[in-house]
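A short worksheet on the structure shown next.
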């Protein structure tokens, strides 16, 4: 059995030139483009016209379920590598395109049968030309209207499905992908009379499959969304408790400092009364200055973070700051105005990304001469800028080698970047830029304020 219709675009295989133009060229291009257009509407992705032509040609050659399976896989790879340029995770692209193929194939089969039956009530014996050429475009147009309507109804469900199911449990998503392909075997068996069923059974079974597919997407998305929100709430409570504990520790330090300060003042008072300048200097240098420095550092850290509205990020950054200070590093925070993380970036993903970047920055700064880390967070013209910079041992870092696991950069910036890239692959609108010059490395995340 041939898997692909090689003679599809050969004019001599058709009764006339018009039949070839309308069926082999125009209809097949429209039919293949339907799958890509449905994908573009589901994902709100702009696709260049050349890819619609490619899809039309690929699907025109696929005349069996095996050929269709190859077409779906091939177009998924085309979308991933050439349309999206690997900015989105392959699992997400596959889930989206397999779903649109599932809808397009079944709805075209159901609506196409309905259009054919409706026409035969008007003309019981349609001509060969009408049956195979004119009705094909009518079936395609009617099916596309229904497909776009169903996509409009399910886009919200599928966005949650992509975000919570495909990224968290890709194995479950691929099981659903494979099941959609398996359902197409049944559709092809019915269309090519390999399986004899009545038209009513065909409509009933096709409708049940579509409803079950949408039900699966909606309810798995709701389950994993609830699971994520529950984890997020627990994480937020944990971070709030930790941050509160840090403030309590600082309060205890302040109270001890105040108690010790009184004793120090008494000692200084006695030393001053006896004109013992050496004792005054010793007390001041060994007790007053270090204690004052510790208290000032802790309170200044909280003051720098007061404008950050996300308690999870505030707690994370505070911990990283104290970690850096313990290693003798200078840590600067620049958050001049009240700011909250944009909704376009999931909070837990943001925590993971910032943790990776701060760990890399601290590890790299330890070996540098200046030993300085900087964290900046601000809004500007509809974009949030999250900038993490640090001094480096090298005058300039080779940015092309950062993602390599065994990096020869003593800066350790390559550690964790693969995980960072996998997280950011789910956010094609977030730009990740880095630059290095004059013993300074800086990584910038540009986050759109609107999703």
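In my numbering, the protein residues as written are 875 to 1325.
Beta carbons: idealized from backbone N, C-alpha and C, even for Gly.
Keep in mind that this is a model prediction, so the values were computed, not measured.
Going by DSSP, what residue range makes up the alpha helix (DSSP H) through residue i?
i	result
residue 920	Where residue 920 is concerned, there is no enclosing alpha helix (DSSP H), given that its DSSP letter is neither H nor E.
residue 1010	1009-1034
residue 1057	1044-1065
residue 971	964-996
residue 1271	Counting along the chain, residue 1271 falls outside any alpha helix (DSSP H), and DSSP gives it neither H nor E.
residue 942	939-952
Is residue i helix, strand or coil when you go by DSSP?
i	result
residue 1071	coil
residue 1263	strand
residue 1285	Unreliable positioning characterises residue 1285 in this predicted model, as indicated by a pLDDT of 43, which lies under 50. The coordinate reading is nonetheless provided below. In the structure shown, residue 1285 sits in coil (DSSP, three-state: anything other than H, G, I, E or B).
residue 1103	helix
residue 1182	strand
residue 1280	Its pLDDT being 40, under 50, residue 1280 is placed unreliably in this model, and the coordinates cannot settle the point.
residue 1201	coil
residue 1297	helix
For residue i, report the span of its beta strand (DSSP E) as first-last.
i	result
residue 1319	1314-1322
residue 1220	Looking at the DSSP string, residue 1220 is not in any beta strand (DSSP E), and its letter there is neither H nor E.
residue 1327	Past the boundaries of the shown model lies residue 1327; the chain is included only from 875 to 1325, so the question cannot be answered.
residue 1309	1305-1311
residue 816	Absent from the model: residue 816. The displayed extent of the chain is 875 to 1325, so no value can be given.
Return the chain-ordered list of same chain residues with a C-beta closer than 7 Å to the C-beta of residue i, the five sequence neighbours on each side being excluded.
i	result
residue 1150	none
residue 939	1058, 1059 and 1062
residue 1273	1308 and 1310
residue 1305	1320
residue 979	1058 and 1061
residue 1215	1184, 1187, 1221 and 1224
residue 921	910, 914 and 957
residue 1255	none
Which same chain residues, not among the five before or five after residue i, have their C-beta less than 6 Å away from its C-beta?
i	result
residue 1099	1034 and 1038
residue 1290	1230
residue 1260	1251 and 1319
residue 1219	1321
residue 1284	For residue 1284, the predicted structure reports a pLDDT of 41, less than 50, and the residue's modelled location is therefore unreliable. A value from the coordinates is still provided. Here the set comprises 1241 and 1267.
residue 1011	none
residue 924	none
residue 1249	1207 and 1262
residue 1279	Below a pLDDT of 50, predicted positions are generally treated as unreliable, and residue 1279, at 42, falls in that range; the measurement from the model is reported next regardless. So no residue of the chain qualifies.
residue 1083	1057
residue 972	1051 and 1054
residue 1116	1189
Keeping to the same chain, check which residues put their C-beta closer than 8 Å to that of residue i; ignore five residues upstream and five downstream.
i	result
residue 1286	Summary for residue 1286: the model assigns pLDDT 48, below 50, so the residue's position carries little reliability; its value from the coordinates is reported in the next sentence. Answer for residue 1286: 1234, 1237 and 1238, listed in chain order.
residue 1210	1181 and 1252
residue 1106	1221 and 1222
residue 1257	1320, 1321, 1322 and 1323
residue 1040	963, 965, 966, 969 and 1047
residue 1296	963
residue 956	925
residue 987	1073, 1076 and 1077
residue 1203	1236, 1239, 1240, 1245, 1246 and 1247
residue 991	1073
Counting Cβ pairs, one atom from each stretch, are 3 or more of them under 8 Å apart for the segment 1308-1318 and the segment 1255-1269?
-> yes
Does the pairing of the segment 976-990 with the segment 1063-1081 give three or more beta-carbon distances under 8 Å?
-> yes
At least 3 beta-carbon pairs within less than 8 Å: the segment 926-936 vs the segment 946-964 | The answer is yes - the segment 946-964 touches the segment 926-936, with three or more Cβ pairs under 8 Å.
Report yes or no: do three or more beta-carbon pairs, one from the segment 1075-1092 and one from the segment 1005-1023, lie closer than 8 Å?
-> no
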